[in-house]
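Student:
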Amino acid sequence: MSIRVLPDVLISQIAAGEVVERPASALKEMLENSLDAGATEIQVELEQGGIKRIRVSDNGSGIPRDELVLALTRHATSKIASLADLEQVASLGFRGEALASIAAIARVQLVSRGAGDAHAWAIQAEGGRLEASSPAARGQGTTIDIQDLFFNTPARRKFLKTEATEYAHCAETVRRLALAHPQVAFTLAHNGRTQLRLGTESAVARVRHVLGDAFETNAIAVEAAAGPLRVSGWVVRPAAATASRDGQHIFVNGRYVRDKLIVHALKEAYRDVLHHQLNPAYCLFVELPPEAVDVNVHPAKTEIRFRDGRGVHQFLFHAVERMLAAPVTADSGPAAV
Ligand code: ADP
Ligand code: MG
Numbered sequence: 001m002s003i004r005v006l007p008d009v010l011i012s013q014i015a016a017g018e019v020v021e022r023p024a025s026a027l028k029e030m031l032e033n034s035l036d037a038g039a040t041e042i043q044v045e046l047e048q049g050g051i052k053r054i055r056v057s058d059n060g061s062g063i064p065r066d067e068l069v070l071a072l073t074r075h076a077t078s079k080i081a082s083l084a085d086l087e088q089v090a091s092l093g094f095r096g097e098a099l100a101s102i103a104a105i106a107r108v109q110l111v112s113r114g115a116g117d118a119h120a121w122a123i124q125a126e127g128g129r130l131e132a133s134s135p136a137a138r139g140q141g142t143t144i145d146i147q148d149l150f151f152n153t154p155a156r157r158k159f160l161k162t163e164a165t166e167y168a169h170c171a172e173t174v175r176r177l178a179l180a181h182p183q184v185a186f187t188l189a190h191n192g193r194t195q196l197r198l199g200t201e202s203a204v205a206r207v208r209h210v211l212g213d214a215f216e217t218n219a220i221a222v223e224a225a226a227g228p229l230r231v232s233g234w235v236v237r238p239a240a241a242t243a244s245r246d247g248q249h250i251f252v253n254g255r256y257v258r259d260k261l262i263v264h265a266l267k268e269a270y271r272d273v274l275h276h277q278l279n280p281a282y283c284l285f286v287e288l289p290p291e292a293v294d295v296n297v298h299p300a301k302t303e304i305r306f307r308d309g310r311g312v313h314q315f316l317f318h319a320v321e322r323m324l325a326a327p328v329t330a331d332s333g334p335a336a337v
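Here the sequence shown is numbered in the UniProt record's numbering, starting from 1 and rising by one per residue.
Next comes the structure, spelled out in structure tokens:
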């Protein structure tokens with residue numbers, strides 16, 4: 001075969017392989033878009049674990065009619081315009097490829113109304129083919145309806161697990177983002193039934209509602225700063241650690257991340273007080289200047305790189321170790337923060 005330039009839709013389908021592994025990854029991208037749009041209320045409706053349908057509605061800024069097509073276009077974004085912007089990026093999204101990727105491997109309807117619009121506009125895409133926009137009804141904000149994920153990529157569809165498993169991943173995605181955004185109200189429904197309803201609340205109340213009373217009862221508050229580097233959140237008492245790693249929630253600048261360096265710093269902090277086969281649960285929010293962390297490591301954006309990894313490691317290690325060594329007082333739990 002001779003060398004050829006691939007059609008746009010195929011390029012998006014290939015990109016989708018990295019961004020959209022399963023319904024939960026599509027949901028994550030849509031939730032991040034709603035948060036980036038400044039939404040204070042987000043509704044998620046799923047059918048069949050998100051395989052049949054993922055519907056996300058928000059009351060964010062909306063998308064003006066003349067940008068609807070761009071929203072579904074690859075490498076089109078309203079979030080950065082230059083390399084300098086990328087290095088300073090504060091939004092959760094910036095790659096401009098999630099919607100285009102999803103539109104290439106699903107049936108998508110985007111309904112949106114910007115602040116200046118007299119009414120909403122809707123646009124459809126199926127397997128990457130766009131249809132013209134038409135008037136629609138809704139208040140300010142955006143609804144994105146993703147149906148039949150992977151309908152045209154059978155190889156991908158085969159990797160989907162059961163409806164229950166895919167739903168569990170979706171629910172976890174909502175809970176995680178909800179943890180980092182207590183000022184935003186979330187509802188989650190599955191197959192027509194409400195599963196989660198969170199109103200606007202304090203960080204403490206959100207942690208209690210999302211992670212449960214057991215976490216709260218065993219939590220020790222962590223709060224430390226070193227210049228612009230800050231950490232806040234909760235770690236559990238060593239006695240409450242379990243074999244599971246599921247309870248480890250790390251956020252960097254509001255973004256849920258899986259970061260080996262931070263996990264390692266925490267493991268070290270617990271080393272003297274915990275059997276090495278047990279894992280502490282924690283929910284930690286790390287803040288640092290955007291230019292001190294590279295979020296553009298992988299399309300799914302859950303991996304990051306710190307400019308000064310060693311500094312971050314030491315800082316977190318000491319912040320947590322100090323709290324674990326401190327005598328536990330009645331007011332050191334979340335309720336005190
Ligand atoms: P990115 O988030 O990286 O910019 P996406 O493909 O996820 O790329 O979205 C493309 C663009 O569509 C965004 O830059 C934004 O302008 C617009 N957009 C997507 N979802 C929403 C939403 N819920 N509310 C407002 N604008 C949105
Ligand atoms: Mg996005």
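We treat Cβ as the ideally placed atom computed from N, Cα and C, and that holds for glycine. A quick note: this is a predicted structure, and the numbers were derived from the prediction, not measured.
1. Rounded to the nearest angstrom, what separates Arg271 and Tyr282 at their Cα positions?
2. Let me check understanding here. Comparing Cα to Cα, which of Ala178, Leu110 and Ile105 lies closest to Arg157?
3. Starting from Val320 and walking both ways along the alpha helix (DSSP H), at which residues does that stretch end?
4. Could you give the distance in angstroms between the alpha-carbon of Ala178 and the alpha-carbon of Ile144?
5. Could you give the residue range of the alpha helix (DSSP H) that holds Gly17?
6. Within 10 Å of its beta-carbon, does Ala241 have 16 or more other beta-carbons around it, so buried, or fewer, so exposed?
7. Taking all protein chains shown into account, decide if Asp8 is buried (16 or more other Cβ within 10 angstroms of its Cβ) or exposed.
8. If you run the structure through DSSP and keep just helix, strand and coil, what is Arg197?
9. Distance, Cα to Cα, Trp121 vs Asp58?
10. For Leu324, count neighbouring Cβ atoms within 10 angstroms of its own Cβ and tell me buried if that reaches 16, exposed if not.
11. Does DSSP put Pro23 in a helix, in a strand, or in coil?
12. When you compare each of His181, Thr73 and Gly192 to Asn253 by their alpha carbons, which one comes out closest?
13. Just the Cα atoms here: how many angstroms apart are Gly311 and Val297?
14. By Cβ distance, which residues of its chain are closer than 8 Å to Leu316, with the 5 residues on each side in sequence left out?
15. If you draw a straight line from the C-alpha of Gln248 to the C-alpha of Trp234, how long is it?
16. Which residues, in chain order, sit with a beta-carbon under 5 Å away from any heavy atom of the ligand MG?
17. Alpha carbon to alpha carbon, how far is Pro154 from Arg4?
18. Near Asn152, what residues of its chain come up, given a Cβ to Cβ distance below 7 Å and the 5 sequence neighbours on each side ignored?
19. Hey, could you find the ends of the alpha helix (DSSP H) Glu166 is sitting in?
20. For Ala155, does the three-state DSSP call read helix, strand or coil?
21. Just the Cα atoms here: how many angstroms apart are Ala84 and Leu274?
22. Note down, in chain order, each residue of its chain lying with its Cβ closer than 7 Å to the Cβ of His190, except the 5 sequence neighbours on either side.
23. Using CA coordinates, which residue listed in Leu6, Gly96 and Leu70 is at the minimum distance from Ala132?
24. Going by beta carbon distance, what residues of the same chain come within less than 6 Å of Ala292, once the five residues before and after it are set aside?
25. Hey, Asn33 and Gly93: beta-carbon distance below 8 Å or not?
26. Based on DSSP bridge pairs, tell me the residues matched to Leu229.
27. Where Ala100 and Arg322 are concerned, what is the direct C-alpha to C-alpha distance, given to the nearest angstrom?
28. Less than 8 Å between the beta carbons of Ile146 and Ala224, yes or no?
29. On the DSSP letters alone, give me the boundaries of the alpha helix (DSSP H) that Leu288 sits inside.
30. Does at least one heavy atom of the ligand ADP sit under 7 Å from the Cβ of Gly60?
Tutor: Concretely, from the data shown:
1. Rounded to whole angstroms, Arg271 to Tyr282 spans 15 Å at the Cα level.
2. It is Ile105.
3. Secondary structure note for Val320: its alpha helix (DSSP H) is the uninterrupted segment Gly309 to Ala325.
4. Rounded to the nearest angstrom, the two C-alpha atoms are 19 Å apart.
5. Where Gly17 is concerned, the enclosing alpha helix (DSSP H) stretches over Asp8 to Val19.
6. The residue in question, Ala241, is buried, as its Cβ has 16 or more Cβ neighbours within 10 Å.
7. Asp8 is exposed by the Cβ-count criterion.
8. Here Arg197 sits in strand by DSSP.
9. Rounded to the nearest angstrom, the two C-alpha atoms are 15 Å apart.
10. Counting the other Cβ atoms within 10 Å of the Cβ of Leu324 gives 16 or more, which makes it buried.
11. In this structure, Pro23 counts as helix in the three-state DSSP scheme.
12. Closest option to Asn253, Cα to Cα, is His181.
13. Roughly 20 Å between the two C-alpha positions.
14. If we look at Leu316 and ignore the five residues flanking it on each side, its Cβ neighbours are Val231, Ile262, Ala265, Leu266, Ala269, Leu284 and Val286.
15. Going from the Cα of Gln248 to the Cα of Trp234 covers about 10 Å.
16. With 5 Å as the limit, the residues whose C-beta approaches any heavy atom of the ligand MG more closely are Asn33, Gly93 and Ala98, in sequence along the chain.
17. Cα atoms of Pro154 and Arg4: separation of roughly 24 Å, rounded to the nearest angstrom.
18. The answer, listed in chain order, is Ile105 and Gly127.
19. Glu163 to Ala180 is the extent of the alpha helix (DSSP H) around Glu166.
20. Note: Ala155 maps to helix in three-state DSSP.
21. Roughly 43 Å between the two C-alpha positions.
22. By the criterion of a C-beta distance shorter than 7 Å, His190 is surrounded in its chain by Leu46 and Tyr167, once the five residues flanking it on both sides are discounted.
23. When only C-alpha atoms are compared, the closest one is Leu70.
24. Apart from the 5 residues on each side of it in sequence, Ala292 sits with its Cβ closer than 6 Å to the Cβ of Arg307 in its chain, given in chain order.
25. Yes; because the gap between Cβ atoms is below 8 Å, this pair is in contact.
26. Answer by DSSP bridge pairing, in chain order: Ala226.
27. Straight-line measurement puts the Cα of Arg322 at about 46 Å from the Cα of Ala100.
28. Contact flag unset, no.
29. Premise fails: Leu288 is in no alpha helix (DSSP H) and is neither H nor E.
30. Checking every heavy atom of the ligand ADP against the Cβ of Gly60, one is found closer than 7 Å.
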